[in-house]
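Peer 1: Chains as they are written, first to last, in this note's numbering: chain A, 2 to 438; chain B, 183 to 433.
Ideal placement from N, C-alpha and C gives every residue a C-beta, glycine not left out.
A single structure is presented below for examination.
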Amino acid sequence: MNVEVRPTKTPAEQALSASYAAARDRLPGQGAVAALREDAFRRFDARGLPHRRVEEWKYTDLRALMRDSYPLATPPDAAAKLRAKNAGTVLGGLDCRRLVFVDGTFAPELSDLVPEPGLAIGSMADALAKGDPLVATHVGKTIATEDIGVALNTALMGDGAVIRISAGAEPKRPIHLVFAAGSDTPSSAFIRSLIVVEKGAKVTIIESHDSGESQVNTALELVAADETQIDYCKITQGRALHVSSLLASVGARAKFNSFAFTSDAQLVRNQNFIRFAGEGTKAAIRGASLLRGSEHVDTTLLIEHAAAHCESREQFKTVLDGQSHGVFQGKIVVQPHAQKTDAKMMTRALLLSDEAEADNKPELEIFADDVVCGHGATAGALDPGLKFYLMSRGIHAKEAEALLIQAFIGETIEEIAHAGIRDALMIAALKWLGARG
Amino acid sequence: MSFLEVKNLHVEVEGKKILNGLTLSVEMGQVAAIMGPNGSGKSTLAYVLAGKDNYNVTEGDILLDGASILKMAPDERAAKGVFLAFQYPVEVPGVATMTFLRTALNAQRKTRGEPELSTPDFIKLVRDTAGHLGVSQEMLRRAVNVGFSGGEKKRNEILQMAILQPRLAVLDETDSGLDIDALKVVADGVNRLRSPDRSMIVITHYQRLLEFIVPDVVHVLAKGRVVKSGGKELALELEAKGYAQYADEAA
Numbered sequence: 002m003n004v005e006v007r008p009t010k011t012p013a014e015q016a017l018s019a020s021y022a023a024a025r026d027r028l029p030g031q032g033a034v035a036a037l038r039e040d041a042f043r044r045f046d047a048r049g050l051p052h053r054r055v056e057e058w059k060y061t062d063l064r065a066l067m068r069d070s071y072p073l074a075t076p077p078d079a080a081a082k083l084r085a086k087n088a089g090t091v092l093g094g095l096d097c098r099r100l101v102f103v104d105g106t107f108a109p110e111l112s113d114l115v116p117e118p119g120l121a122i123g124s125m126a127d128a129l130a131k132g133d134p135l136v137a138t139h140v141g142k143t144i145a146t147e148d149i150g151v152a153l154n155t156a157l158m159g160d161g162a163v164i165r166i167s168a169g170a171e172p173k174r175p176i177h178l179v180f181a182a183g184s185d186t187p188s189s190a191f192i193r194s195l196i197v198v199e200k201g202a203k204v205t206i207i208e209s210h211d212s213g214e215s216q217v218n219t220a221l222e223l224v225a226a227d228e229t230q231i232d233y234c235k236i237t238q239g240r241a242l243h244v245s246s247l248l249a250s251v252g253a254r255a256k257f258n259s260f261a262f263t264s265d266a267q268l269v270r271n272q273n274f275i276r277f278a279g280e281g282t283k284a285a286i287r288g289a290s291l292l293r294g295s296e297h298v299d300t301t302l303l304i305e306h307a308a309a310h311c312e313s314r315e316q317f318k319t320v321l322d323g324q325s326h327g328v329f330q331g332k333i334v335v336q337p338h339a340q341k342t343d344a345k346m347m348t349r350a351l352l353l354s355d356e357a358e359a360d361n362k363p364e365l366e367i368f369a370d371d372v373v374c375g376h377g378a379t380a381g382a383l384d385p386g387l388k389f390y391l392m393s394r395g396i397h398a399k400e401a402e403a404l405l406i407q408a409f410i411g412e413t414i415e416e417i418a419h420a421g422i423r424d425a426l427m428i429a430a431l432k433w434l435g436a437r438g
Numbered sequence: 183m184s185f186l187e188v189k190n191l192h193v194e195v196e197g198k199k200i201l202n203g204l205t206l207s208v209e210m211g212q213v214a215a216i217m218g219p220n221g222s223g224k225s226t227l228a229y230v231l232a233g234k235d236n237y238n239v240t241e242g243d244i245l246l247d248g249a250s251i252l253k254m255a256p257d258e259r260a261a262k263g264v265f266l267a268f269q270y271p272v273e274v275p276g277v278a279t280m281t282f283l284r285t286a287l288n289a290q291r292k293t294r295g296e297p298e299l300s301t302p303d304f305i306k307l308v309r310d311t312a313g314h315l316g317v318s319q320e321m322l323r324r325a326v327n328v329g330f331s332g333g334e335k336k337r338n339e340i341l342q343m344a345i346l347q348p349r350l351a352v353l354d355e356t357d358s359g360l361d362i363d364a365l366k367v368v369a370d371g372v373n374r375l376r377s378p379d380r381s382m383i384v385i386t387h388y389q390r391l392l393e394f395i396v397p398d399v400v401h402v403l404a405k406g407r408v409v410k411s412g413g414k415e416l417a418l419e420l421e422a423k424g425y426a427q428y429a430d431e432a433a
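Below, the structure is given as structure tokens:
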């Protein structure tokens with residue numbers, strides 16, 4: 002006799018189920034969308050929050066870490082919008098098209114909606130409610146995954162951005178999705194965005210989250226057609242749980258660059274599901290995380306080379322101070338027909354404190370026989386030889402350390418193509434270092 | 183009182199005794215050569231003067247201008263005018279040579295209570311000095327020593343010395359790994375920095391370097407102490423006879 006042993010539901014699991022039960026009838030979308038939600042919720046209901054015995058979540062035991070689930074965010078009032086007005090300032094005066102979301106809800110009056118040829122912008126809540134064909138075609142279909150973080154997002158998705166860039170279009174300015182906290186009581190937002198980039202289009206997308214004390218589960222489906230060029234940058238800050246899923250499918254002969262910058266974030270899971278579906282694409286997937294105190298940041302990659310002749314570079318760096326915990330899991334899967342794949346993954350952790358912990362887990366799964374794939378992982382303290390060299394030139398200990406940390410993190414940030422984003426992130430890193438004292 | 187006085191210095195590294203009662207005086211303006219066989223403690227002396235961690239002084243003292251520097255961190259010693267040209271200069275990825283030079287110079291000036299150098303003045307200083315040493319603008323833009331050849335690394339050390347204008351320069355086997363042309367460029371750079379206001383300790387295994395940087399005095403180191411001192415002719419004598427005789431003396 003088989004008896005499935007199911008542990009008692011945790012308060013967070015119960016709260017999530019209650020949120021779904023209470024909101025299901027007013028969440029946007031009918032018919033197929035409602036069925037998609039129901040299916041996703043059942044998956045969550047059957048398995049619960051992922052925990053340490055779920056391999057993909059081994060180092061981020063969500064069941065243990067998530068003590069509670071806050072009530073679903075309500076649409077922002079005037080006061081909330083006022084509080085959110087200046088969010089996303091980590092990018093300073095960078096000239097972007099700002100699209101602002103307050104507690105997960107699109108705020109058109111705070112957004113830059115000046116029309117531009119080849120660029121269509123809308124709200125996910127509207128699109129779901131209206132049964133928008135673009136959303137019907139893509140949402141939930143970009144990447145097949147059983148991940149519970151994604152399932153929860155699908156079950157409870159409220160609002161987000163829906164952006165379509167027409168074939169050959171090149172929006173002049175970067176598009177900046179600003180996700181801000183406005184509510185003065187902690188809430189939880191389930192944000193779902195869809196960006197469809199048609200053939201030959203070029204775009205720079207920035208997604209910044211400063212979610213304050215609120216919980217966020219965000220997912221972005223990115224559908225990039227052949228010959229597109231996409232530069233994507235995600236900046237994450239916040240004092241509560243943040244689960245983020247990038248679900249990207251990239252066509253042939255495309256250029257795809259992503260960069261994840263995380264600092265001053267308490268508990269983050271940044272998961273990236275990226276599939277190279279067409280031949281001859283070049284991709285760089287990079288990131289830098291700065292951790293201190295009791296912060297926990299998990300970067301998880303699942304990169305699938307599903308077509309031949311693609312090149313991908315994965316490079317992640319983490320600086321850890323205090324009792325922080327950094328996790329990097331990077332899995333590259335090369336499918337049998339994806340010959341001539343060239344993939345290199347490198348992850349480095351710099352530990353500034355004896356109490357910090359870095360877990361690095363690179364994995365390759367190669368089913369093709371003519372590929373070049375490699376990975377490397379390091380974790381270590383500042384090199385005392387380097388520090389002595391700098392100090393012997395008169396540079397004070399703290400300044401020498403700062404210079405070496407800056408150099409460590411700068412190596413990845415310098416790879417960002419957009420000068421404005423690069424400079425802004427370098428300044429943000431220096432600010433973090435400055436606060437180290 | 184000499185400018186630098188090393189008194190009965192005993193130093194252990196990882197529990198192993200390397201310097202064993204080393205006594206040495208260097209006058210202001212003097213160029214002193216330190217010669218000795220491998221393992222005699224030459225590089226240890228260089229590191230302990232610069233203040234490297236894990237070089238444990240168990241006895242003795244180092245006085246600069248009559249004051250002990252033993253308790254000072256490397257950066258404080260640098261601000262007092264101590265400079266070590268490394269035998270193996272380290273690569274500092276991500277830190278541009280220009281940034282490094284400016285940070286170092288201004289940190290020293292700040293420690294000494296002097297104003298920071300303005301950007302135009304700094305750039306002019308570096309440009310003039312780099313030209314003499316054949317250090318290109320491109321090298322200055324690159325990360326410190328990253329991708330530099332052996333000769334370029336040594337020239338970069340001398341460039342730093344010329345910018346930082348130390349009062350006590352310690353050159354640790356500056357000749358190692360250099361061909362004769364590179365050696366001449368480096369020696370020329372060092373000779374340009376000879377001054378009545380600057381002492382130098384030139385550490386070398388071979389006499390060859392001392393043909394180009396002619397010392398005022400030569401000290402022979404064996405088994406962690408100075409076993410013989412003399413004029414520049416002592417270097418020639420060592421070249422002819424080798425170090426074997428001193429190995430016996432120190433025993």
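(1) Using 8 Å as the threshold, is the stretch 330-350 of chain A in touch with the stretch 361-370 of chain A, meaning 3 or more CB pairs across them?
(2) Any idea if V115 (chain A) is buried or exposed, counting beta-carbon neighbours within 10 angstroms, 16 or more meaning buried?
(3) Looking at the C-beta of A289 (chain B), does it have a partner C-beta in chain A at a distance below 8 Å?
(4) Could you have a look at A432 (chain B) and say whether DSSP puts it in helix, strand or coil?
(5) Should the stretch 188-203 of chain B be called in touch with the stretch 320-328 of chain B, which here means at least 3 C-beta pairs below 8 Å?
(6) For C234 (chain A), which residues does DSSP report across the bridge?
(7) Would the beta-carbon of A357 (chain A) fall within 8 Å of that of D322 (chain A)?
(8) Leaving aside the five residues before and after G161 (chain A) along the sequence, list all residues of the same chain whose C-beta is less than 6 Å from its C-beta, in chain order.
(9) With 8 Å set as the bound, which would you pick, yes or no: does the beta-carbon of R394 (chain A) sit closer than that to a beta-carbon of chain B?
(10) Anything in chain B within Cβ reach of F260 (chain A), meaning under 7 Å, just list it in chain order.
(11) Under 8 Å by Cβ, that's how I've got D232 (chain A) and H419 (chain A) pegged, so tell me the actual separation to the nearest angstrom.
(12) For P134 (chain A), does the three-state DSSP call read helix, strand or coil?
(13) Quick check: L341 (chain B) and L315 (chain B), are their CB atoms within less than 8 Å of each other?
(14) Please look up how many angstroms separate the CB atoms of V217 (chain A) and A253 (chain A), rounded, as I've assumed it's under 8 Å.
(15) Give every residue of the same chain whose Cβ lies closer than 7 Å to the Cβ of I345 (chain B), excluding the five residues on either side of it in the sequence, and list them in chain order.
(16) Please classify F317 (chain A) as buried or exposed, where buried requires at least 16 other C-beta atoms within 10 Å of its C-beta.
(17) Could you give the first and the last residue of the continuous beta strand (DSSP E) run that contains R349 (chain A)?
(18) Check each candidate in A:D424, A:A398, A:E415, A:W433 and name the one with the smallest Cα separation from P256 (chain B).
(19) Would you kindly check if the distance between the Cβ of A156 (chain A) and the Cβ of F274 (chain A) is under 8 Å?
(20) Output the residue ranges of the beta strand (DSSP E) runs that lie fully inside the stretch 327-374 of chain B and measure 3 residues or longer, sorted by chain position.
(21) Tell me which residues share the same chain as K203 (chain A) and place their Cβ nearer than 6 Å to its Cβ, disregarding the 5 neighbours each side in the sequence.
(22) Based on the DSSP output, what are the partners of C374 (chain A) in its beta bridges?
(23) Under 7 Å Cβ-Cβ, which residues of chain A neighbour A232 (chain B)?
(24) Please say whether A425 (chain A) and L92 (chain A) have beta carbons closer to each other than 8 Å?
(25) Verify the CB distance criterion: does G276 (chain B) have a CB-CB separation below 8 Å to chain A?
(26) When DSSP builds the beta bridges, which residues end up paired with P363 (chain A)?
(27) Kindly indicate the opening and closing residues of the beta strand (DSSP E) around A190 (chain A).
(28) Shorter than 8 Å from the beta carbon of G386 (chain A) to some beta carbon of chain B?
(29) Step through the CB atoms of chain B and report whether any lies within less than 8 Å of the CB of Q15 (chain A).
(30) Tell me the DSSP secondary structure of R98 (chain A) in three-state form.
(31) Could you say which of A:L223, A:A23, A:Q238 lies nearest to H452 (chain A) if we only look at CA atoms?
(32) Nearest by alpha-carbon distance to N271 (chain A): which of A:D127, A:T106, A:W58 is it?
(33) Please report whether the beta-carbon of V272 (chain B) lies at a distance below 8 Å from any beta-carbon of chain A.
(34) Quick one: what's got a C-beta closer than 6 Å to I122 (chain A)'s C-beta in the same chain, skipping five residues either side?
(35) In terms of residues, what are the limits of the beta strand (DSSP E) holding I164 (chain A)?
Peer 2: So, from the data block:
(1) These segments touch.
(2) Translated into the one-based positions of the first sequence, residue 115 (chain A) becomes position 114. With fewer than 16 Cβ atoms within 10 Å of its Cβ, V115 (chain A) is classed as exposed.
(3) Here the question's residue 289 (chain B) lines up with position 107 in the second sequence. Chain A contact via Cβ: present.
(4) Numbered from 1 along the second sequence, position 250 holds the residue referred to as residue 432 (chain B). Low confidence applies here, because A432 (chain B) scores a pLDDT of 46, under 50, leaving its location unreliable and the question unanswered by this model.
(5) Three or more beta-carbon pairs separated by less than 8 Å are not found between the stretch 188-203 of chain B and the stretch 320-328 of chain B, which leaves the two stretches without contact.
(6) Your numbering for residue 234 (chain A) matches position 233 in the first sequence. In DSSP, C234 (chain A) forms a bridge with A:I207, A:F260.
(7) One-based indexing of the first sequence puts residue 357 (chain A) at position 356. One-based indexing of the first sequence puts residue 322 (chain A) at position 321. Taking 8 Å as the cut-off, the Cβ atoms of A357 (chain A) and D322 (chain A) count as close.
(8) The residue labelled residue 161 (chain A) in the question sits at position 160 within the first sequence. Cβ-Cβ distances below 6 Å link G161 (chain A) to M125, I192, R193, S194 in the same chain, with the five nearest sequence neighbours on each side left out; the list follows chain order.
(9) Sequence index remark: in the first sequence, residue 394 (chain A) carries index 393 (1-based). R394 (chain A) counts as touching chain B.
(10) Residue mapping note: residue 260 (chain A) aligns to position 259 of the first sequence, counting from 1. None at all; the shortest Cβ gap to chain B is about 17 Å.
(11) Sequence index remark: in the first sequence, residue 232 (chain A) carries index 231 (1-based). Sequence index remark: in the first sequence, residue 419 (chain A) carries index 418 (1-based). Confirmed, about 6 Å.
(12) Residue numbering aside, residue 134 (chain A) sits at position 133 when the first sequence is read from its first letter. Per DSSP, reduced to three states, the secondary structure at P134 (chain A) is helical.
(13) For the purposes of this step, residue 341 (chain B) is taken as residue 159 along the second sequence, with counting starting at 1. For the purposes of this step, residue 315 (chain B) is taken as residue 133 along the second sequence, with counting starting at 1. Cβ atoms of L341 (chain B) and L315 (chain B): closer than 8 Å.
(14) As a working note, residue 217 (chain A) is residue 216 in the first sequence. As a working note, residue 253 (chain A) is residue 252 in the first sequence. Not really, about 33 Å apart at Cβ, beyond 8 Å.
(15) Looking up residue 345 (chain B) in the second sequence gives position 163. Taking I345 (chain B) as the centre and dropping the five residues before and after it, the same chain places the C-beta of L283, L287, L307, V308, T311 closer than 7 Å to its C-beta, in chain order.
(16) Within the first sequence, residue 317 (chain A) is the residue found at index 316, counting from 1. A buried status is given to F317 (chain A), since no fewer than 16 other beta-carbon atoms sit within 10 Å of its beta-carbon.
(17) Within the first sequence, residue 349 (chain A) is the residue found at index 348, counting from 1. Counting along the chain, the beta strand (DSSP E) containing R349 (chain A) begins and ends at 343-352.
(18) Here residue 256 (chain B) is taken as the residue at index 74 of the second sequence, counted from 1. Distance from the Cα of P256 (chain B) is smallest, within the candidate group A:D424, A:A398, A:E415, A:W433, for A:A398.
(19) By 1-based counting over the first sequence, the position of residue 274 (chain A) is 273. By 1-based counting over the first sequence, the position of residue 156 (chain A) is 155. Not in contact: F274 (chain A) and A156 (chain A) (Cβ atoms no closer than 8 Å).
(20) Positions of the beta strand (DSSP E) runs, each at least 3 residues long and wholly inside the stretch 327-374 of chain B, are given as 350-354 in order along the chain.
(21) The sequence position of residue 203 (chain A) within the first sequence is 202, counting from 1. Cβ contact annotation for K203 (chain A) (same chain, cutoff 6 Å, sequence separation greater than five): E171, Q230, in chain order.
(22) Your numbering for residue 374 (chain A) matches position 373 in the first sequence. Within the DSSP secondary-structure output, C374 (chain A) pairs in a beta bridge with A:A344.
(23) As a first step, residue 232 (chain B) is located in the second sequence; it is residue number 50 there, counting from the start. Correct list: S393.
(24) Stepping through the first sequence from its first residue, residue 92 (chain A) is reached at position 91. Stepping through the first sequence from its first residue, residue 425 (chain A) is reached at position 424. Yes. Within cutoff.
(25) As a working mapping, residue 276 (chain B) is identified with position 94 in the second sequence. Between G276 (chain B) and chain A, the shortest Cβ-Cβ separation is below 8 Å.
(26) Residue 363 (chain A) sits at position 362 when you count from the first residue of the first sequence. Paired residues: A:G331.
(27) What you label residue 190 (chain A) is simply residue 189 of the first sequence in a count that begins at 1. Taken as a continuous stretch (DSSP letters only), the beta strand (DSSP E) holding A190 (chain A) covers 189-198.
(28) In the first sequence, the residue the question calls residue 386 (chain A) occupies position 385. By this cut-off, G386 (chain A) is an interface position.
(29) The sequence position of residue 15 (chain A) within the first sequence is 14, counting from 1. It does not: the Cβ of Q15 (chain A) has no partner Cβ on chain B nearer than 8 Å.
(30) Stepping through the first sequence from its first residue, residue 98 (chain A) is reached at position 97. R98 (chain A): strand per DSSP, three-state reduction.
(31) Residue 452 (chain A) cannot be examined here, being either before or after the span of chain A that is shown, 2 to 438.
(32) The residue given as residue 271 (chain A) occupies position 270 in the first sequence. If we check each option's Cα against that of N271 (chain A), A:W58 comes out closest.
(33) As a working mapping, residue 272 (chain B) is identified with position 90 in the second sequence. Answer yes: the Cβ-Cβ gap between V272 (chain B) and chain A drops below 8 Å somewhere.
(34) Taking the first sequence and counting its residues from 1, the one referred to as residue 122 (chain A) is at position 121. Closer than 6 Å at the Cβ level, and outside the excluded window around I122 (chain A), lie I164.
(35) One-based indexing of the first sequence puts residue 164 (chain A) at position 163. From DSSP, the beta strand (DSSP E) with I164 (chain A) extends over 162-166.
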